[in-house]
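In this note's numbering, the protein residues as written are 543 to 628.
Every residue, glycine too, gets a C-beta built ideally from N, C-alpha and C.
None of the values given here were measured: they were computed from a predicted structure.
See structure below.
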Amino acid sequence: MSDAILTPIAVATGVVVIVVAIAVVLVVLIVTVSMRGRQKRGATRRAENRQELAEANERAARAERDRDIAHEQAQQPNDRGDRPGA
543 MSDAILTPIA VATGVVVIVV AIAVVLVVLI VTVSMRGRQK RGATRRAENR QELAEANERA
603 ARAERDRDIA HEQAQQPNDR GDRPGA
């Protein structure tokens, strides 16, 4: 008679253990996918920042070259004999 009473309790305990295990696995999967997505967004953001920095450095180098060219042209005498600023 005691086997008839303990069998449903054992089955119920087994079902609860299985359900809890499935829930833990699902939580771990959700957290892992969430972290992976965050990593991808961070990597994309860093790549965009590197690209913007490279473009800014290129613009700065171009501006420096333009400034040097303008400075050299200002130092050269005019072919017509005019004085600069006259």
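Note on geometry: alpha-carbon atoms of ALA616 and ASP610 lie some 10 Å from one another. In the structure shown, the three-state DSSP call for PRO550 is helix.
In the displayed model, GLN615 falls within a helix according to three-state DSSP.
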